[in-house]
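Visitor:
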Amino acid sequence: MDLPRHHVIREGDLRILNPFSPAKLATLGQAIKLRAGDRLVDLCCGKGELLRSWHLAHGIRGIGVDISTAFITEAREHAAGLPVEFVHGDAAGFVAPEPADVVACIGATWIGDGVAGTIEILERSLRPGGMLLIGEPYWRLDPPDQQTVEGCHAQTRDDFRSLPELVAHFGDDLGWDLVEMVLASQDSWDRYAAAHWLNIRTWLDANPDDELAPQLRAELDTDPVRHVRYQREYLGWGVFALRKRG
Ligand SMILES: C[S@@+](CC[C@H](N)C(=O)[O-])C[C@H]1O[C@@H](n2cnc3c(N)ncnc32)[C@H](O)[C@@H]1O
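In the UniProt record's numbering, the protein residues as written are 1 to 246.
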């Protein structure tokens, strides 16, 4: 059970594996008013930067879970000596040993086959009255055709919602109040997407004969145009903080 190697190559030395800049991640930590000693669970934690940086800024403790052995190894190295723990495994079946104050899934709602199923997974580790954080894409502009949909790594328009549809979904369909949100910008999304291109090119230069080289060469040939034509214009991304109603 591991993440395919091309993901690890693409992410390179990035620590935040989503369209947030370090400043936006810090803004989110401040916005949700974390307190020293709060317990966090981060499902699909990648390299653990949320837990590491929020421990340093706010004194939280936490557990991160990820399916990538490479990312979990890096997370443990970066957070060595801090009261944050990293577990290798499938987050879909993870339940925290102790209910947490905040449970996050930032950029991986496929673990629950969408937002509703992911909220169910996260809630299993949440204390009553606690907060969920969901990182999710949304349509900035309605995609005019199937080419645009696929250019945003979707199969159908319904794979994502518009921002008003997503916010209404949290409340009206699922019964959670949206209590905070921080959205990526086109610039911060560029930082994530464009960093991949340099990571891939650097890796290709060093590994021309690797079996993954043709695949990654093809990606570098097409991904910059795909990003600026489709993703950058049509897709937004944000992290949404939720508290259960009632
Ligand atoms: C887009 S990255 C986001 C990582 C991290 N949340 C961040 O924002 O930096 C998605 C992450 O989900 C992890 N992942 C994918 N499927 C998973 C699963 N079933 N269980 C645990 N982790 C998973 C990947 O290894 C990757 O680290």
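Think of the CB as a built atom: it goes at the ideal place given N, C-alpha and C, for glycine as much as any other residue.
1. Between F71 and ligand 1, is the CB less than 6 Å from at least one heavy atom?
2. Smallest Cα separation from T69: which of F86, G59, L56 and H58?
3. Classify N199 as buried or exposed, calling it buried when 16 or more other Cβ atoms lie within 10 Å of its own Cβ.
4. Jot down the residue ranges of each uninterrupted alpha helix (DSSP H) in the stretch 25-100, minimum 4 residues, whole runs only, in chain order.
5. Taking L174 and I119 to be in contact with their CB atoms under 8 Å, please state how far apart those CB atoms are, rounded to whole angstroms.
6. By how many angstroms is the C-alpha of L34 removed from the C-alpha of Y230?
7. What's the call for E165, buried or exposed, on a 16-neighbour Cβ count within 10 Å?
8. Which runs of the alpha helix (DSSP H), 4 residues or longer, sit entirely within the stretch 150-198?
9. At 3 residues or longer, and completely inside the stretch 114-150: list those beta strand (DSSP E) runs for me, N to C.
10. Is the separation between the beta-carbon of V102 and that of L40 shorter than 7 Å?
11. Note down the Cα distance separating Y138 from H88, rounded to an integer number of angstroms.
12. Just how far apart, CA to CA, sit Y192 and F170?
13. Taking C-beta to C-beta, are residue 248 and L212 nearer than 7 Å?
14. Terminal residues of the continuous beta strand (DSSP E) containing V239?
15. State the beta-bridge partners of residue 303 as determined by DSSP.
16. Quick check on DSSP: helix, strand or coil for I106?
17. Since V65 contacts L43 with CB under 8 Å, what's their CB separation in whole angstroms?
18. Residues in the same chain with beta-carbon distance under 8 Å from S53, minus the five sequence neighbours each way, listed in chain order, please.
19. Measure the CB-CB distance between I121 and G112 and report whether it falls below 7 Å.
Guide: This is what the structure gives:
1. Here the question's residue 71 lines up with position 71 in the sequence shown. Checking the Cβ of F71 against ligand 1 gives yes.
2. Along the sequence shown, read from residue 1 onward, the residue named residue 69 stands at position 69. Selected option, being the one with the closest Cα: F86.
3. Residue mapping note: residue 199 aligns to position 199 of the sequence shown, counting from 1. So N199 counts as buried.
4. If we require 4 residues or more, the alpha helix (DSSP H) runs fully inside the stretch 25-100 come out as 49-58 and 69-78.
5. Along the sequence shown, read from residue 1 onward, the residue named residue 174 stands at position 174. Along the sequence shown, read from residue 1 onward, the residue named residue 119 stands at position 119. Contact holds; Cβ gap of about 6 Å.
6. Reading the sequence shown from its first residue, position 230 is the one you call residue 230. Reading the sequence shown from its first residue, position 34 is the one you call residue 34. One C-alpha to the other measures close to 36 Å.
7. Along the sequence shown, read from residue 1 onward, the residue named residue 165 stands at position 165. So E165 counts as exposed.
8. Annotation: the stretch 150-198 contains the following complete segments of the alpha helix (DSSP H) (minimum length 4 residues), in chain order: 163-168.
9. 126-139
10. As a position in the sequence shown, residue 102 is number 102, starting the count at 1. As a position in the sequence shown, residue 40 is number 40, starting the count at 1. It is a contact, given that the beta carbons lie within the stated cut-off.
11. Counting from one through the sequence shown, the residue named residue 138 turns up at place 138. Counting from one through the sequence shown, the residue named residue 88 turns up at place 88. Computed Cα separation, rounded: 29 Å.
12. Taking the sequence shown and counting its residues from 1, one reaches residue 192 at position 192. Taking the sequence shown and counting its residues from 1, one reaches residue 170 at position 170. When rounded, the distance between both Cα atoms is 26 Å.
13. This structure cannot speak to residue 248, because the chain is shown only from 1 to 246.
14. Stepping through the sequence shown from its first residue, residue 239 is reached at position 239. Where V239 is concerned, the enclosing beta strand (DSSP E) stretches over L235 to K244.
15. One cannot answer for residue 303 here, as it falls past the ends of the chain, which runs 1 to 246.
16. One-based indexing of the sequence shown puts residue 106 at position 106. I106 falls in the strand class under three-state DSSP.
17. Position 65 of the sequence shown, counted from the first residue, corresponds to residue 65. Position 43 of the sequence shown, counted from the first residue, corresponds to residue 43. Correct: roughly 5 Å between the Cβ atoms.
18. The residue you call residue 53 lines up with position 53 of the sequence shown. For S53, where only same-chain residues beyond five positions count, the Cβ hits under 8 Å are P22, L25, A26 and G29.
19. Taking the sequence shown and counting its residues from 1, the one referred to as residue 121 is at position 121. Taking the sequence shown and counting its residues from 1, the one referred to as residue 112 is at position 112. Result yes, Cβ atoms of I121 and G112 sit closer than 7 Å.
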